[in-house]
Amino acid sequence: MIWIRDLIDEMTPTFSKAMKSLEVDDSVWLPLIGRATVEDHGDVALPCHSLASRLRKPPQDIAEQICMLVKEDLDPFATVSSISGFVNISAKPEWLSNSLSSLISDHRLGIELENPLTFAIDYSAPNVAKEMHVGHLRSTVIGDSIVRMLEFKGHRAIRENHVGDWGTPFGMLIEHLLDLGEDLAANELGVGDLDSFYKQARAKFVSDDEFADRSRSRVVLLQGGDPETLRLWRVLVDESMRYFNEVYSMLGVLLTDEDIRGESSYHDLLPEVVERLKKVGILEESEGADVVFPGGWVNREGEPLPMIIRKADGGYNYSTSDLACIIDRVERLGCDRFLYVVGTPQKQHFEMVFQVAKQAGFMNENHQAVHVNFGSVLDTDGKVLKSREGEVIKLHDLLEEAIRRADDAINEKNPELVGDERDQVARTVGIGAVKYADLSTERTKDYVFDWERMLSFDGNTAPYLQYAYARICSIFRKWGGDRESLRDAVFVLSNSQELTLSRRLAEFPSIFDNSFDTFSPHKLCTHLHSIASAFASFYENCNVLKEEDDDIAKSRLALCELTARELQLGLGIMGIDVPERM
Ligand code: ARG
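The letter at position 495 of the sequence shown is residue 499 when you use this note's numbering, and the numbering goes up by one with no holes.
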C-alpha cells in the first residue's frame, strides 16, 4: 500500500470528471498533482498556477472552483480546501487508519518486491598496502546500505570489492618488503600501519637509484607471473586484507573475502580488452601507446582526450581493468546493472569507461551502469579530514574512538547500564553514529565529520533514532502484552499528534522506494528522523499505558509498534542495529 499514490488513485476519477467540465485534459492536470509540500496544508496538492492562462482566471479562483466541483464526491475519504492557488486534499482519519492497518499486518511494512535483476555493486575498494581512508569508509557504508536495499526489493546483489592490488607501485612495495624482512614487514602491515610502509617504500624509490631499478625489474617479474614474486605480492595483499577485514568487522558490513575482486583478477583479461577494441576498430596508436578516443572529452589544450588502454611500455591502466571488469560482469556474472560507489573525483573516469564499453559492445542497451558518486569527508573547519598529526586517519582508530565516545555519552544518559550490555550498546551506538552521519548526508555533497553532532541524542542522528526505539521497547516491557496481537489493531486516530505520526508512518514505503530508486539513503534517514520526532510529541501528548479507553489504548500501542518496526527496518537497511535499552 503506497499511501500518497493510493490516495491519488482513489480520487483520480472524481478529479478527471471535474477537470473535464473545465475542459482540462487528464494529460494536463495529472502531472501537476502530487504530494503536498507543506505538511500542514494536506496530503496531496494540485497547483493551479499553470492553468491560469488556459482558463483565463487567477489560480486562486481556479482552485476554489475545483474544490466546489470535487468536494462532495471526495467526502467519503477526504477533505479539500484551497490555499493560494493550490487545491489541497487531506485524507480523512478513517482512510489513514486503513492504510496503517494494512502496513502493520504486512511483514514487509508495505514495501513491494520488484522484478528481480542482477546488480553488481562495486564498493569499498581500498588499495593494498595503503591506508584505507575516509573515502573508502563512505564507499563501504553507502555501498553496503544499497546492497541491503537491493536485496530487500528482491534483487540479486553481487558485492564486488575492486581492491587496488595491482600495478607499478607493487614493484617498490615488494622490494621494500624484502629489505625489511618478510616477518617484520608483515607485522607492520598486519597492525594496519599501511601508510608508513608505503611512504618508506616511496621515499627509497625516489632517493635510491639502485632500489628504483630493482623495483622496476620486480614489476616485470610480477607481470610475468614469476612464482616467488607472486608469493611476495600475496603476502602484501593478505596482510592488508587482514587489516581491511578488521575494519569491516568493526563496521558490521556484509563484505567478506568472497567479495574480493581486485584489479589483479582482471589481469588475464587485459590483452583480450585490447584485442576486442582493435576488432571493433576503435583502438588507435598514439606515441607508442594504444588508446581510444571516446569523443566528448578534451584536455586543457582543447584536444580530444584519449583513454590510454596500453602504455608505450606495455603496461595497462586503471581504465583497462575497468573495461575488463565490465566484460566479466556481463559475461561471467550475467549482471543487468552495475553500480560503482566511488567518489565524485572519478566521475570522468567512469563516464569515459561506460562510453567506451558501449562503443565496443561490452554492454548493450539492456545494461545500465551508474556511478553512484559521493562527496569528500571534511573536518569541522571544512578541510579534508586528517589525524591530529596531519596524517591520513586510520579507520580502525577512528571507529575505536567512536565507540569510546558513545560509551561516554551513554554513561551520562544512563549510568545504570553496565557490563556486557553497556559494551554492546556503546558499540551499536558508536558505529551506528558514524554510519548514520555519513548516510544521512546527501551523498553527492561533502560531508562534515563532526563527533559532537553525530553522537548527539538530539537531531537527525543515529543515537536519537536508537533512543526512540529503545524507549518504545521500554513501553512494551511495562505493558507486558504480546506485540503480535497488535497486528490486527484498528487505528482510532483523533488528536493532531496521532494524525501527524500516522501520516509519516503511512509514507514510509513510498519514501523507501524513492530512496532506493535514487540510491539516496539520506532520504530514508530524513524520514526516519521525522517519524521519531513525531513519535516524541505523540508520546508526550497522548497517554498510552494510562489510557482508559481500551480501543484507544490498543490503537496507540499499535502506533508504537509500527514506529518501532519502521525504525528497526529503516536503520537495518542502513546496516545499523537498534538496542532494546540504552
Ligand atoms: N581502488 C580505487 C580507489 O581507491 C577505487 C576503485 C573503484 N572501483 C572501480 N571499479 N574502479 O580509488
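Here a beta-carbon is modelled for each residue, glycine too, at the ideal position from N, C-alpha and C. If you're wondering where the values come from, they're calculated on a predicted model, not measured in any experiment.
Problem - Assigned exposure category for D294 - 16 Cβ within 10 Å defines buried - result: buried
Handout entry: Coarse secondary structure for T83, derived from DSSP in three states
Key = strand
Handout entry: Pocket of the ligand ARG defined by Cβ to heavy atom distance under 6 Å
Key = D126, A129, N131, H166, G168, D326, C329, Y344 and V346
Practice task
Grab the span of the alpha helix (DSSP H) containing D412 for me, first residue to last.
Solution key: L399 to K417
Problem - When P120, V422 and E135 are compared against I397, the one with the closest alpha-carbon - result: Residue E135 is the option with its Cα nearest to I397.
Problem - Pairwise C-alpha distance: L50 and D65 - result: 13 Å
Problem - Backbone secondary structure at M5 - three-state DSSP - result: Residue confidence is low: M5 scores 48 on pLDDT, short of 50, so the model does not pin down where it sits. Its coordinate-derived value is still stated next. The answer is coil: DSSP assigns M5 none of H, G, I, E or B.
Handout entry: Which of helix, strand or coil DSSP assigns to T324
Key = Shown here, T324 sits in a helix according to DSSP, grouped into three states.
Problem - Nearest to I150 (by Cα), restricted to the options V84, L549 and R447 - result: R447
Exercise for the section: Taking the CB atoms as reference points, tell me whether N469 and L563 lie closer together than 9 Å. Expected result: Strictly speaking, residue 469 in this sequence is Leu, with Asn absent from that position. Against a cut-off of 9 Å, the Cβ pair of L563 and L469 comes out as no contact.
Problem - 4 or more residues per run - each alpha helix (DSSP H) lying fully within the region 418 to 454 - result: 423 to 443
Handout entry: Buried or exposed (CB count within 10 angstroms, at least 16 for buried), E565
Key = buried
Handout entry: Per-residue DSSP class, three states only, for A133
Key = coil
Practice task
Quick one: give me the first and last residue of the alpha helix (DSSP H) that E243 is part of.
Solution key: P231 to L255
Handout entry: the region 329 to 346 touching the region 282 to 296, judged by at least three CB pairs closer than 8 Å
Key = no
Handout entry: P120, enclosing alpha helix (DSSP H) - first and last residue
Key = Element bounds for P120: n/a, residue is neither H nor E.
Problem - Straight-line Cα distance separating L497 from S57 - result: 41 Å
Practice task
Name the one or two DSSP bridge partners that S94 has.
Solution key: Answer is T83.
Problem - Uninterrupted alpha helix (DSSP H) stretches inside the region 305 to 390 (no shorter than 4 residues) - result: 322 to 335 and 351 to 363
Exercise for the section: Within its chain, find whatever has a CB closer than 8 Å to the CB of L273; leave out the 5 residues flanking it on each side and keep chain order. Expected result: A328, I331 and D332
Exercise for the section: Determine the DSSP secondary structure at P298, reduced to helix, strand or coil. Expected result: coil
Problem - Residue from D492, G463 and I435 whose Cα sits closest to the Cα of V582 - result: I435
Problem - Residue nearest to R481 in terms of C-alpha spacing, selected from W455, L184 and R585 - result: Ranking W455, L184 and R585 by Cα distance to R481 puts R585 first.
Problem - Rounded straight-line distance, which links the Cα of D442 to that of V457 - result: Looking at the sequence shown, residue 457 is not Val but Arg. Cα to Cα, the separation comes out at about 12 Å.
Exercise for the section: Using three-state DSSP, classify A568 as helix, strand or coil. Expected result: It is helical.
Practice task
Decide yes or no for the touch test of the region 421 to 430 against the region 451 to 465: beta carbon pairs closer than 8 Å, at least 3 of them.
Solution key: Here the region 421 to 430 makes no contact with the region 451 to 465; the two share fewer than three CB pairs at distances below 8 Å.
Exercise for the section: Starting from the Cα of P308, find the closest Cα among S323, M356 and S268 and give me that residue. Expected result: Residue M356 is the option with its Cα nearest to P308.
Exercise for the section: Inspect the CB distances between the region 22 to 39 and the region 65 to 80 and report whether three or more fall short of 8 Å. Expected result: yes
Exercise for the section: Go ahead and pull the three-state DSSP assignment for N499. Expected result: coil
Handout entry: Close-in-space but distant-in-sequence residues of the same chain around S290 (CB under 7 Å, 5 per side omitted)
Key = P310
Practice task
Kindly indicate if chain D contains any beta-carbon less than 9 Å away from that of I8.
Solution key: Reference to chain D is not applicable here, since this structure consists of a single protein chain.
Exercise for the section: Note down the Cα distance separating V241 from A161, rounded to an integer number of angstroms. Expected result: 25 Å
Problem - Cα-Cα separation, L532 to D492 - result: L532 and D492 have their C-alpha atoms roughly 24 Å apart.
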